[in-house]
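S.K.: I'd like to ask you about the structure that follows.
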Amino acid sequence: MEGLHEGPRGPNEVHDTIPRVKATSRKEQVTQETNAPAPLATPRVLGTPECIWPAAADLGEGTLWSAREQALYWIDILQPRLFRYDPATGAQRTWHFDEEITAIAERASATGLFLTLRRGFALFDTTAPGDTTKPRYLHQPEPERTGNRFNDGKCDSRGRFWAGSMDFDCKAPTGALYRFDADGRCTRHDDGFEVTNGPTWSGDGRTMYFNNTAINKLYAYDFDMDAGAVSNRREWHRFPKGDGLPDGMTTDAAGRLWIAHWDGACVTCHDPVNAAELARIALPVSNVTDCAFGGPDLRTLYISTARNSRTEEQLQSEPLAGGLFSVRIDSPGIPAALFAG
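full-length UniProt numbering numbers the first residue of the sequence shown as 1 and each following residue consecutively.
Written out as structure tokens, the structure reads:
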């Protein structure tokens, strides 16, 4: 593993913007949304999810559709692997890593991927031969939080990468929300999470959604696209008891949110304003972890799953756990934003 990149604030310095975040109660949120738009239409799920890659991932995550390559990337965090699936040919490729790989994005200025590893942000060349190419670290923002690792992340429409860290044991509120820019600047925007997941954005880009999976809370922030800043955090939704916990999520072209249910065996679609459930996709796997729209028309929803935390007896009844699934939807998603670097 190569050394740290010394960006404009030094190799491990983080600019802290947490005071910008102000919590809002659910009552205040409802008052603010009294004049909200009418609920969105219900999308149609066309068929049943099909397992297209029974990879037996311990913790499958990080689904990313490459419009440039017309291929689907995804990862196994705990048996550190990066996967690439070409739906046109069925071709599969796997890269092996020395530490956890947790989230990925394509780069706008070069081939290969921007990604988060256990300790921070890195670059990875997918064009190099072999399956053990080493990533190049750019920045590690939490040297003092030795019990943490990074988890989910995505780029906003300006090409800034937003990622959350989390407690390895999923118990301590030591995780934080970071933004990493193409010039190497890293800023911490919120703190105090057990297990971070998401983020995704509203159709107009004015709201960012972010999950604290361990305590079943889905948050919404006001999002300032020009400044690249969040504020006014409020609880947006919780899953009903027995319906699992919120994991990875994505947004479709109508602005609806599609959310994976950890220990809930489904993906649900929600109205972005009032969080009303509009559609549900059942899967034959308990731990559903992430989803992304892909395909030439962006109407295929790719869904990752996990074997982690299931007993051997449970896995006997879930032989496809850890597999990659796909299902057609009647409305499209939006292209994944590229990292600006």
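The beta-carbon is built from N, C-alpha and C at its ideal position, and this holds for glycine as well.
(1) Note down, in chain order, each residue of its chain lying with its Cβ closer than 8 Å to the Cβ of K171, except the 5 sequence neighbours on either side.
(2) Strictly by DSSP, which residues pair up with H96?
(3) Which first and last residues belong to the alpha helix (DSSP H) in which L313 is found?
(4) Under 8 Å between C-beta atoms, does M166 make it to chain B?
(5) For my contact list, A292 and W65 are in at a C-beta cut-off of 8 Å; report their separation, rounded to the angstrom.
(6) Using C-beta distances below 6 Å, list every residue in its chain close to C155, excluding the 5 sequence neighbours before and after it, in chain order.
(7) Can A163 and A103 be called in contact, C-beta distance under 8 Å?
(8) Is L283 closer than 8 Å to C269 when the C-beta atoms are compared?
(9) Hey, F124 and T133: beta-carbon distance below 8 Å or not?
(10) At the level of alpha carbons, what is the spacing between D330 and T42?
(11) Residues in the same chain with beta-carbon distance under 7 Å from G159, minus the five sequence neighbours each way, listed in chain order, please.
(12) Find out if the Cβ-Cβ distance for the pair T196, G175 is shorter than 8 Å.
(13) Using 8 Å as the threshold, is the C-beta distance between G112 and D152 below it?
(14) Is it buried or exposed, F168, if we count other Cβ atoms within 10 angstroms and call 16 or more buried?
(15) Assuming L40 and R256 make a contact with CB atoms under 8 Å, what is their CB distance in whole Å?
(16) Suppose you measure from the CA of D297 to the CA of P143; what does that come to, to the nearest Å?
(17) Any idea if residue 344 is buried or exposed, counting beta-carbon neighbours within 10 angstroms, 16 or more meaning buried?
(18) Quick check on T250: does DSSP put it in helix, strand or coil?
(19) Under the assumption that R206 contacts D222 (Cβ atoms under 8 Å), give the Cβ distance between them as a whole number of angstroms.
(20) Under a Cβ-count criterion, where at least 16 other Cβ atoms within 10 Å of its own Cβ denotes burial, should D271 be classed as buried or exposed?
(21) Could you compute how far the alpha carbon of H237 sits from the alpha carbon of T251?
(22) For W53, write down the residues that DSSP places opposite it in a beta bridge.
(23) Measure the C-alpha to C-alpha separation of K217 and F210 and round it to an integer number of angstroms.
(24) Could you tell me which residues DSSP pairs with I329 in its beta bridges?
(25) Could you check if R44 is buried or exposed, using at least 16 other CB atoms within 10 Å of its CB as the buried criterion?
(26) Please name the residue, chosen from R136, A265, E235, that lies closest to M208 on a Cα-to-Cα basis.
(27) Give me the Cα-Cα distance between T50 and R328, rounded to the nearest whole angstrom.
(28) Give the DSSP-derived three-state secondary structure of A182 in the structure shown.
(29) Quick test of your reading: G60 and A306, contact by CB under 8 Å. State the CB separation rounded to the nearest angstrom.
(30) For T146, name the three-state secondary structure that DSSP assigns.
(31) I need the straight-line Cα distance from L82 to L245, nearest angstrom please.
(32) I think T289 touches D247, with their Cβ atoms under 8 Å apart; what is that distance to the nearest whole Å?
(33) Would you mind sorting E313 into buried or exposed? The rule is 16 or more other CB atoms within 10 Å of its CB.
(34) Would L78 and Y302 qualify as a contact pair, given that the criterion is a beta-carbon distance under 8 Å?
(35) To the nearest whole angstrom, what separates the beta carbons of E99 and L117, a pair I think is in contact under 8 Å?
M.R.: This is what the structure holds:
(1) Only E194, A214 meet the Cβ criterion.
(2) Looking at the DSSP output, H96 sits in a beta bridge with R81.
(3) Here the sequence assigns Glu to residue 313, which means Leu is not the residue at that position. For E313, the enclosing alpha helix (DSSP H) covers residues 312-316.
(4) Chain labels in this structure do not include chain B; a single protein chain is all it has.
(5) In this structure A292 touches W65 by the C-beta definition: roughly 5 Å separates them, less than 8 Å.
(6) Correct list, in chain order: A105, F161, A337, F339.
(7) For A163 and A103, yes; Cβs fall inside 8 Å.
(8) No, they are not a contact pair.
(9) Contact: yes.
(10) Using only the alpha carbons, I get a separation of about 10 Å.
(11) Cβ contact annotation for G159 (same chain, cutoff 7 Å, sequence separation greater than five): A108, A182, A337, L338, F339, A340, in chain order.
(12) At the C-beta level, T196 and G175 come within 8 Å of one another.
(13) No; because the gap between Cβ atoms is not below 8 Å, this pair is not in contact.
(14) An exposed status is given to F168, since fewer than 16 other beta-carbon atoms sit within 10 Å of its beta-carbon.
(15) Going by Cβ atoms, the distance from L40 to R256 rounds to 6 Å, so yes, they are a contact pair.
(16) C-alpha separation (whole angstroms): 42 Å.
(17) The first residue shown for the chain is 1 and the last is 341, placing residue 344 beyond what the model contains.
(18) In the structure shown, T250 adopts extended strand secondary structure according to DSSP, grouped into three states.
(19) The pair is a contact, with the Cβ atoms about 7 Å apart (cut-off 8 Å).
(20) By the neighbour-count rule (16 or more Cβ atoms within 10 Å), D271 is buried.
(21) Cα to Cα, H237 sits roughly 16 Å from T251.
(22) Its beta-bridge partners are L324.
(23) Straight-line Cα distance between these residues: approximately 9 Å.
(24) Partner(s): V45.
(25) The residue in question, R44, is exposed, as its Cβ has fewer than 16 Cβ neighbours within 10 Å.
(26) For M208, the nearest C-alpha among the options comes from E235.
(27) Checking the sequence shown, residue 50 turns out to be Glu, not Thr. Going from the Cα of E50 to the Cα of R328 covers about 10 Å.
(28) DSSP places A182 in coil when its eight states are reduced to three.
(29) With a contact defined as Cβ atoms closer than 8 Å, G60 and A306 qualify at about 5 Å.
(30) Here T146 sits in coil by DSSP.
(31) Annotation: L82 to L245 spans about 24 Å, alpha carbon to alpha carbon.
(32) With a Cβ gap of about 5 Å, T289 and D247 count as contacting.
(33) Under this definition E313 is an exposed residue.
(34) Contact flag unset, no.
(35) With a Cβ gap of about 6 Å, E99 and L117 count as contacting.
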